[in-house]
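A.B. asks:
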Amino acid sequence: MNFDRKDYTDQQLTGFYERLLWPRMIEEKMLVLLRQGKISKWFSGIGQEAIAVGATMALDSDEWIMPLHRNLGVFTTRDMPLHKLFKQWQGNQDGYSKGRERSFHFGSREHHVCGMISHLGPQLALADGVALAHKLNNEKKVALAFSGEGGTSEGDFHEALNVAAVWDLPVIFLIENNGYGLSTPTSEQYRCVSLVDKAKGYGMEGVSVDGNNILALYDTLKGVREYCLKNQKPYFVEAITFRMRGHEEASGTKYVPPHLFELWKQKDPIDNYEKYLLQQGVLQPAQVEQIRAEMKEKLEAELSLGFNAAPLTISTPNELQDVYAPLPLNNSVQVINHARSFSNDVPEGPELRLLDAIKQGLHQSLQKHDKLVIMGQDIAEYGGAFKITEGFVQEFGKQRIRNTPICESAIVGAALGLSLKGYKSVMEMQFADFVTVGFNQIINNLAKIYYRWGQNADVVVRMPTGGGVGAGPFHSQSNEAWFVHTPGLKVVYPSTPMDAKGLLIAAINDPNPVLFFEHKALYRSVSGPVPDSYYEIEIGKARHVREGDELSIITYGSGVLWAEDYAAAHPEIAIDILDLRTLLPLDYDAIAAAVKRTGRVIVLHEDTLTGGIGGEIVAWIAENCFTYLDAPVMRCASLDTPIPFNIELEKNFMAQGRLEETVNKIMQY
Numbered sequence: 004m005n006f007d008r009k010d011y012t013d014q015q016l017t018g019f020y021e022r023l024l025w026p027r028m029i030e031e032k033m034l035v036l037l038r039q040g041k042i043s044k045w046f047s048g049i050g051q052e053a054i055a056v057g058a059t060m061a062l063d064s065d066e067w068i069m070p071l072h073r074n075l076g077v078f079t080t081r082d083m084p085l086h087k088l089f090k091q092w093q094g095n096q097d098g099y100s101k102g103r104e105r106s107f108h109f110g111s112r113e114h115h116v117c118g119m120i121s122h123l124g125p126q127l128a129l130a131d132g133v134a135l136a137h138k139l140n141n142e143k144k145v146a147l148a149f150s151g152e153g154g155t156s157e158g159d160f161h162e163a164l165n166v167a168a169v170w171d172l173p174v175i176f177l178i179e180n181n182g183y184g185l186s187t188p189t190s191e192q193y194r195c196v197s198l199v200d201k202a203k204g205y206g207m208e209g210v211s212v213d214g215n216n217i218l219a220l221y222d223t224l225k226g227v228r229e230y231c232l233k234n235q236k237p238y239f240v241e242a243i244t245f246r247m248r249g250h251e252e253a254s255g256t257k258y259v260p261p262h263l264f265e266l267w268k269q270k271d272p273i274d275n276y277e278k279y280l281l282q283q284g285v286l287q288p289a290q291v292e293q294i295r296a297e298m299k300e301k302l303e304a305e306l307s308l309g310f311n312a313a314p315l316t317i318s319t320p321n322e323l324q325d326v327y328a329p330l331p332l333n334n335s336v337q338v339i340n341h342a343r344s345f346s347n348d349v350p351e352g353p354e355l356r357l358l359d360a361i362k363q364g365l366h367q368s369l370q371k372h373d374k375l376v377i378m379g380q381d382i383a384e385y386g387g388a389f390k391i392t393e394g395f396v397q398e399f400g401k402q403r404i405r406n407t408p409i410c411e412s413a414i415v416g417a418a419l420g421l422s423l424k425g426y427k428s429v430m431e432m433q434f435a436d437f438v439t440v441g442f443n444q445i446i447n448n449l450a451k452i453y454y455r456w457g458q459n460a461d462v463v464v465r466m467p468t469g470g471g472v473g474a475g476p477f478h479s480q481s482n483e484a485w486f487v488h489t490p491g492l493k494v495v496y497p498s499t500p501m502d503a504k505g506l507l508i509a510a511i512n513d514p515n516p517v518l519f520f521e522h523k524a525l526y527r528s529v530s531g532p533v534p535d536s537y538y539e540i541e542i543g544k545a546r547h548v549r550e551g552d553e554l555s556i557i558t559y560g561s562g563v564l565w566a567e568d569y570a571a572a573h574p575e576i577a578i579d580i581l582d583l584r585t586l587l588p589l590d591y592d593a594i595a596a597a598v599k600r601t602g603r604v605i606v607l608h609e610d611t612l613t614g615g616i617g618g619e620i621v622a623w624i625a626e627n628c629f630t631y632l633d634a635p636v637m638r639c640a641s642l643d644t645p646i647p648f649n650i651e652l653e654k655n656f657m658a659q660g661r662l663e664e665t666v667n668k669i670m671q672y
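Going by the working numbering, the letters in the sequence shown line up with residues 4 to 672, in that order.
1. Which stretch, first to last residue, makes up the alpha helix (DSSP H) that contains V598?
2. Report the option in V227, N140, Y238, E152 whose CA atom is closest to the CA atom of V166.
3. H72 and M119 - do their beta-carbons sit closer together than 9 Å?
4. Tell me the residue span of the alpha helix (DSSP H) that contains T80.
5. Where in the segment 347-418 do unbroken runs of the alpha helix (DSSP H), each at least 4 residues long, occur, reported from the N-terminal end onward?
6. Could you work out which residue in E66, G76, Y11, C410 is closest to E30 when comparing CA atoms only?
7. Once you ignore the five residues that flank A510 on each side, which residues in its own chain have a CB closer than 8 Å to its CB?
8. Please determine if the segment 548-557 and the segment 468-481 are in contact, where contact requires at least 3 C-beta pairs separated by less than 8 Å.
9. So what does DSSP say about P70, is it helix, strand or coil?
10. Is the beta carbon of T499 sitting closer than 9 Å to the one on V440?
11. Would you call the segment 620-629 and the segment 591-605 touching, i.e. three or more CB-CB distances under 8 Å?
12. State the start and end residues of the unbroken alpha helix (DSSP H) segment that holds L139.
13. Is it buried or exposed for I42, if we count other Cβ within 10 angstroms and need 16 for buried?
14. Going by alpha carbons, who is nearest to L709 out of L308, I556, L172, L332?
15. Using 8 Å as the Cβ pair cut-off and three pairs as the minimum, do the segment 566-579 and the segment 651-669 touch?
16. Enumerated in chain order, which unbroken segments of the beta strand (DSSP E) with a length of 3 residues or greater are wholly contained in the segment 155-204?
17. Would you kindly report the start and end of the unbroken beta strand (DSSP E) that includes C639?
18. Please work out which residues of its chain come closer than 6 Å, Cβ to Cβ, to T392, disregarding the five sequence neighbours upstream and downstream, and give them in chain order.
19. Tell me which residue opens and which closes the beta strand (DSSP E) that P516 is part of.
20. Specify whether the segment 39-58 and the segment 203-218 touch according to this definition: at least 3 beta carbon pairs, one from each stretch, less than 8 Å apart.
21. Have a look at K201 and A242 and give me their C-alpha separation to the nearest angstrom.
22. Just to check my reading of the structure: A146 and A130 have Cβ atoms closer than 8 Å, yes? What is that Cβ distance to the nearest angstrom?
23. Can you list, in chain order, the residues of its chain with a C-beta nearer than 6 Å to that of Y538? Leave out the 5 residues immediately preceding and following it.
24. How many whole angstroms separate the CB atoms of A435 and T489, which I take to be in contact at a CB cut-off of 8 Å?
25. Taking the continuous beta strand (DSSP E) assigned at E553, which residues delimit it?
26. Just checking, does the segment 369-377 make contact with the segment 422-434 on the three C-beta pairs under 8 Å criterion?
27. Please name the residue, chosen from L123, E66, N482, that lies closest to F160 on a Cα-to-Cα basis.
28. Short check: CB of G182 to CB of E152, under 9 Å?
29. Mapping the DSSP letters down to three states, classify G151 as helix, strand or coil.
30. Under a Cβ-count criterion, where at least 16 other Cβ atoms within 10 Å of its own Cβ denotes burial, should C195 be classed as buried or exposed?
31. Would you mind sorting H262 into buried or exposed? The rule is 16 or more other CB atoms within 10 Å of its CB.
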């Protein structure tokens, strides 16, 4: 192994050594503690330390890094104290994730380290979002994301690199090629000669480097960083290395030919660098022993602090409280209660269609928040598939109104990355059906990040949804129930223009991820008064649409219109209608009040019957309001089939056609 000291001083070279040695000594101790049962799991980076340490040293301390589970050197080089890291590895409440996450699945805003999720690839897109924020802020900063050679097979890898290239983002994609994805060798992972060859396909530069040579790695990353800053472009780095232990300790290494361990032992990054420093006279044997002795003493002192952590205290209220980031105190925003549509205090305003109300809410939010970015397919010059953002790019510019490639996962990830830098973002999912290809980012990254390590996700995903337009199975399905099951998300579904504007503004002001459902068939068919002012309607509060004492219909979205039409056509029944407006969190007080008003309840929704939110509401009523019921709670929902294309078949599919039958059944009980 050849080391080029360039113009580094002896002190700098020694500093590299100390940074490199520290995570190795920690790991060796952790492996002992693992065998003693004092930590539960360990992903070893022994043999790969030079990559994490060198890359982190090459960046400024306030530049975000997206590490993975084998990058202890990132955490130690960012000077995260060992005693707190150890508490994290023990699952202690004084760790970085309060005992809610394992080993390296956590982050720290203070240290500009972003916690990973187990799916590996999504980290790359977050770096895109951070780099975009740097670009918007005119900051001379980069973001760096780690991946392994196995992760380059994931779709998230392709999407993130493509977005970074198309948007000219200063991102460093650092691939640790250690030869194996768990037990699968590189020969079964890809067919290119070298991973760096992939860079050309994305129109970006790339370089392969000896990942075990700390000086070569550091020097390369320094140069790559300067390139990214100067050219405002991404760069691909493949670091060649080897994993000397199992994927994690329990998996072992029997699948690795023994001669490879002998070969790579000779390339050990610490042994070789230590020999070099001794040969060059930078260090003397006594100094090496002193450094190791001091580190061992420090290690034991830090572990003593870690072992003295307070016992875990379980608090259910604290657990529930930490699912969502707290709402900011914002007295400058008008909040319209609008809880009873038939009262005399309903605000006035010009008549707007649902589509126009959403457009107005977006427009006023863009004026209110300089750090609000809107992203989506065809949303700039074209104005979006439904023309809601038409004209925005002329007023706010292409930096804030951003057309995206067709890559939903990467754009959700980039939105989360923007949030790390204090930006708000609204992503338009062109059709709610397309959310499946961004599902992982929403369910596992956006929803859980605040609970896991206290980082909020200030992201709104707009979801044009619903049938009634003859668009078939992939442009008409109702999929809101998928997200209601996920703690950490908020799910909003307005049915009127006034609610749509106020709830959208509230969603953008909310520091938590919000799925905002907009019914396509209502865009141009529903109109109503909408105040001109910038106002919120509180998320989590239902609207009492119509007062009655014989039958309550609890519904949302298109179901509100169906219920209103049915009530108007059947004045002989005193029908009470509750529009939920928010599906997560539900307004249980309003639901209970609706049950008490009539004693008979139908839960109506356009979604299919099985697994729809109606089942959850019915169960809650049975558990909490049983004594007020005069009949079983009934659901009225669409057929348990995909939604068909033919209009007549679609009408047969829809719950609306079964509402009268359901009403008759419950009234005759």
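Note that the Cβ used here is the ideal one computed from N, Cα and C, for glycine as well.
C.D. replies: Let me lay it out:
1. Within the sequence shown, the letter at position 595 stands for residue 598. Segment 591-601, the alpha helix (DSSP H) holding V598.
2. Within the sequence shown, residue 166 is the residue found at index 163, counting from 1. Nearest C-alpha to V166: Y238.
3. By one-based count along the sequence shown, residue 119 stands at place 116. By one-based count along the sequence shown, residue 72 stands at place 69. Yes, Cβ-Cβ distance for M119 and H72 is below 9 Å.
4. As a first step, residue 80 is located in the sequence shown; it is residue number 77 there, counting from the start. First-last of the alpha helix (DSSP H) with T80: 75-80.
5. 357-371, 395-399
6. Numbered from its first residue, the sequence shown carries residue 30 at position 27. Nearest of E66, G76, Y11, C410 to E30, Cα basis: G76.
7. Residue numbering aside, residue 510 sits at position 507 when the sequence shown is read from its first letter. So the qualifying residues of the chain are V463, K493, V495, V517, F519, I542.
8. no
9. In the sequence shown, the residue the question calls residue 70 occupies position 67. Three-state DSSP puts P70 in coil, outside helix and strand.
10. In the sequence shown, counting from the first residue as 1, residue 499 sits at position 496. In the sequence shown, counting from the first residue as 1, residue 440 sits at position 437. No, they are not a contact pair.
11. yes
12. If you number the sequence shown from 1, residue 139 lands on position 136. First-last of the alpha helix (DSSP H) with L139: 125-140.
13. Here residue 42 corresponds to residue number 39 of the sequence shown, with the count starting at 1. By the neighbour-count rule (16 or more Cβ atoms within 10 Å), I42 is buried.
14. Any property of residue 709 remains undetermined from this structure, which presents the chain solely from 4 to 672.
15. yes
16. 174-180
17. Numbered from 1 along the sequence shown, position 636 holds the residue referred to as residue 639. Segment 637-641, the beta strand (DSSP E) holding C639.
18. If you number the sequence shown from 1, residue 392 lands on position 389. I382, G386, listed in sequence order.
19. As a working note, residue 516 is residue 513 in the sequence shown. First-last for P516: undefined, no H or E at that position.
20. yes
21. Indexing the sequence shown from 1 puts residue 201 at position 198. Indexing the sequence shown from 1 puts residue 242 at position 239. If I take the Cα positions, the gap works out to 14 Å.
22. Here the question's residue 146 lines up with position 143 in the sequence shown. Here the question's residue 130 lines up with position 127 in the sequence shown. Yes, A146 and A130 are in contact; Cβ-Cβ is about 4 Å, under 8 Å.
23. Taking the sequence shown and counting its residues from 1, one reaches residue 538 at position 535. Hits under 6 Å: Q337, I339, G505.
24. Numbered from 1 along the sequence shown, position 432 holds the residue referred to as residue 435. Numbered from 1 along the sequence shown, position 486 holds the residue referred to as residue 489. Not a contact, Cβ separation roughly 15 Å.
25. Taking the first residue of the sequence shown as position 1, residue 553 is located at position 550. First-last for E553: undefined, no H or E at that position.
26. yes
27. Numbered from its first residue, the sequence shown carries residue 160 at position 157. Nearest of L123, E66, N482 to F160, Cα basis: L123.
28. Counted from its first residue, the sequence shown places residue 182 at position 179. Counted from its first residue, the sequence shown places residue 152 at position 149. Yes, the Cβ-Cβ distance between G182 and E152 is below 9 Å.
29. Walking along the sequence shown from the start, residue 151 turns up at place 148. The answer is strand: DSSP assigns G151 an E or B state.
30. Here residue 195 refers to the residue found at position 192 of the sequence shown. It counts as exposed.
31. Residue numbering aside, residue 262 sits at position 259 when the sequence shown is read from its first letter. Exposed is the call here.
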